[in-house]
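To start, the structure under review is shown below, and the notes come after it.
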Amino acid sequence: MSNSDFTPRDTFGSKFGIIAAAAGSAVGLGNIWKFPYVAGQNGGGAFLIVYLLFIIAIGLPVMMSEFSIGRRAQRNAIGSFKKLAPGSPWYLVGVMGVAAAFLILSFYSAVAGWTLEYISKSVTNAFAGKNESELNLMFGNFISGTWRPLFWQLLFMIFTVWIVMAGIKKGIEKYTKVLMPLLVVIIIILCIRSLTLPGAGEGLAFLFRPDFSKLTTDAVLGALGQAFFSLSLGMGTLITYGSYIGKQYNLSGTVIQVSATDTIIAIMAGIAIFPAVFAFGIDPAEGPGLVFITLPNIFQQMPGGYFFALVFFVLLAVAALTSSISVLEVVVAYFVEELHISRKRATMIAALMISVLGVFCTLSFGVMSEVTIFGLGFFNLMDFTASNLLLPLGGLFIVLFVGWVLGAERSRNEISNQGTLRVGYFPVFMFLVKFIAPFAITLVFIYGLGLLRL
Ligand code: PHE
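Take the position in the sequence shown, starting the count at 1, then add 35; the result is the number in the numbering used here.
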C-alpha cells in the first residue's frame, strides 16, 4: 500500500480559493491572446454569437460533468475513470487528457515566454518611436530566434513548476487568490483606456455586430475548439481540480461563476483591443501577432502608453501562469497517484518532458520552420491537434460518460451534495449531457473536419 492511501488528499481551502483556481485555469492566453485574434479573423460579432452558444449548450454541461467526475472519484483524470468504471476502457479518456496536457503546455509555454520578453521590452521602452512594420520585424526577429525565446519559455516553466510543486492549498490556491483579482483590476483599467479613445465605437461594432458572411465551417470548428480551450475543458483539468473540491460546496454555482468569468474576460479583452485597433487604423484580422505587434504599436502612440504596455504584458503573463499550472497539475496528479512518484519529482519530470516538446514548438518559428507535418509547423500542429481534436473529443466522451455510464442517480447524488441541495435544473442537465452536447460536438466535429458537407 502506498503512502497516499493514508495521507488525506490535499484540497482547496475555501469557496473563493476554488473559484480563483478554476477561473485562473480558464482565463488565460486563450482569452486575451487567442480570442481577439480568432474573433478578428472570423468576422467578430458572428463568431462571438456562435462561441456563446457553444459555451451554454456544450461548455456548461461539460464543465459540470468534469467537476462531478473528479469530486465523486477523488482522483486524477485517469484514476477517476478507473475508479468509477473499473475494468472498462473509459480510463483511455483520461489518457487522452494527459496527452493533451503535454501538447497544450508545450505550445502554451512558448507563447507565455513571449509575454515575458514583452514585459522586458516594455520596461526598457523598446516600442517607442517604432512604426507597425518595425514592430512586426521586432516580433518576427524575436520569435524566429533560438536562445532568447527558449530562455523565456524555460523561465516560465520554472515559475509554473514552483507553484505546482507547493501543492494545492499552499501552491495553486495561494497564488491564484492573489493573481486573479490583480488580473481583473488590470483588464478593467485597459478597457477604460480603450473605450475612451476617439473612434472606439467602430471597434465595438466590429466585436458585437454580426457579419454572418464571414462565418465559414472553419470558423464554426474554431469556435468550438476555442470554447473548449478557453474553459479548460476536455482534458481532465477540471476533473483534477474537481477532485480537490470539498463535498460541501455547490458545484453548479462554481460552474456558473467560472464560465461567466471566463466569458466576460474574453469579451473584455476584445473591448480592450478592438476599439484601439480601429482608433489607430489597424487590420483587426492581424492574427497571432495581434497583441504582440498591434498593441505595442497602439501603446507607443497613446498617452501613458509606457505604463499601459507594461500593465498589459504583465496581465498576459499572469493569465498564462494561472492556466499553465492547471495543465501541469493534470500530469502531476496522475504521476503522483497512479505511478506513486513524490509530488516534487513528479512535477520536475513532467515539466522536463513537456519542455522538450516545448523546444520544438519554439524552434518551429525559427530554425525548424521548414519542418512541417500534415502541412503544419510543430507549434500549429500541437495547437490544432489539442484544441480542435483532442479537447472536443475528450469533452464528447466525458459527457457520454456522465450521461450513460455514471448515470442519473449517481450524478444527481453528486451534484445535489447527497440530496441536500435543490437541483431543479437536473433533468435539463441530464438531457444536455445525454443527447444535446454529444450530438452538437459530433456534428461540429465531423463538419469542421470536412467529413460532412451541409
Ligand atoms: N483555458 C486556458 C486559456 O484560456 C488554457 C487551458 C486549456 C488551460 C486547457 C487548461 C486546459 O488560456
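Just so it is clear, CB atoms sit at the ideal spot from N, CA and C, and this is done for glycine as well.
Hey, would you say the C-beta of residue i is under 7 Å away from at least one heavy atom of ligand 1?
i    : result
S399 : no
N66  : yes
M383 : no
T420 : no
V199 : no
G559 : Past the boundaries of the shown model lies residue 559; the chain is included only from 36 to 489, so the question cannot be answered.
T150 : no
S358 : yes
T296 : no
V490 : Absent from the structure is residue 490, since the part of the chain shown begins at 36 and ends at 489.
G257 : no
F264 : yes
I139 : yes
T272 : yes
S144 : no
S60  : yes
Closer than 8 Å by C-beta to residue i: which residues in its own chain qualify, once you throw out the five before and the five after it? Chain order, please.
i    : result
V293 : I54, A57, A58, A61, M98, L266
G281 : T46, F47
G430 : I93, V97, F263, L268, G269, A472, I476
F313 : G234, A235, E237, G238, F241, P319
How big is the Cα-Cα spacing for residue i and residue j?
i    : j    : result
M36  : E372 : Any reading at M36 must be qualified, since the residue scores a pLDDT of 41, below 50, and its modelled position is unreliable; the value itself is stated next. Whole-angstrom Cα-Cα distance: 12 Å.
W182 : I139 : 21 Å
P490 : G305 : Because the chain in this structure spans residues 36 to 489, residue 490 falls outside the shown range and cannot be described.
W187 : K209 : 24 Å
V130 : V367 : 13 Å
V463 : L95  : 12 Å
R107 : A161 : 51 Å
M388 : L230 : 43 Å
L259 : Q76  : 15 Å
V290 : E101 : 10 Å
T382 : F241 : 43 Å
Y369 : A147 : 24 Å
V278 : L268 : Correcting the residue type first, residue 278 is Ser in the shown sequence and not Val. Approximately 15 Å, taken between the alpha carbons.
Q453 : Y460 : 16 Å
T272 : V362 : 6 Å
M270 : S115 : 13 Å
V44  : F247 : Note on identity: in this sequence residue 44 is Arg, with Val being the wrong assignment. Roughly 49 Å between the two C-alpha positions.
M337 : I222 : 17 Å
L256 : V346 : 33 Å
V196 : F137 : 14 Å
I178 : V394 : 12 Å
R445 : L119 : 10 Å
I308 : L250 : 21 Å
G132 : G78  : 31 Å
Taking its Cβ as the centre, do 16 or more other Cβ atoms sit within 10 Å of residue i, making it buried, or is it exposed?
i    : result
S157 : buried
N38  : Confidence is the limiting factor: at N38 the pLDDT is only 46, short of 50, which leaves the residue's position unreliable and the question unanswerable from this model.
T397 : buried
G122 : exposed
D40  : In this prediction, D40 scores a pLDDT of 48, lower than 50, which makes its location untrustworthy; the coordinate-derived value is nonetheless stated afterwards. It counts as exposed.
L456 : exposed
R244 : exposed
P216 : exposed
T159 : exposed
F474 : exposed
K205 : exposed
L325 : buried
Would you mind reading off the limits of the alpha helix (DSSP H) that contains residue i?
i    : result
N171 : 167-178
F464 : 461-466
T252 : 252-265
A134 : 126-158
E444 : 442-450
Y341 : 340-373
V85  : 80-89
Q283 : Taken as a continuous stretch (DSSP letters only), Q283 belongs to no alpha helix (DSSP H), as it is neither H nor E.
A61  : 50-61
N415 : 413-418
R380 : 378-398
Q335 : 330-336
W182 : 182-200
Q76  : 70-76
P43  : P43 -> no alpha helix (DSSP H), and no H or E assigned at all.
S422 : Note, S422: premise wrong, no alpha helix (DSSP H); not H, not E.
R107 : 95-108
With a threshold of 6 Å on Cβ separation, who are the neighbours of residue i within its own chain once the five nearest residues in sequence on each side are excluded?
i    : result
I328 : L170, N171, F174
L351 : I67, T150
R449 : Going by the sequence as given, residue 449 is Glu instead of Arg. These residues qualify, in order along the chain: S103, R107.
F142 : C396, F414, M417, D418
Which residues in the same chain as residue i place their Cβ atom closer than 7 Å to its Cβ, once the five residues preceding and following it in sequence are excluded?
i    : result
K117 : Y126
G52  : E208, K212
Q275 : Residue identity check: residue 275 is Thr in the sequence provided, not Gln. Closer than 7 Å at the Cβ level, and outside the excluded window around T275, lie G105, N111, A112, E364, V365, A368.
V402 : T181
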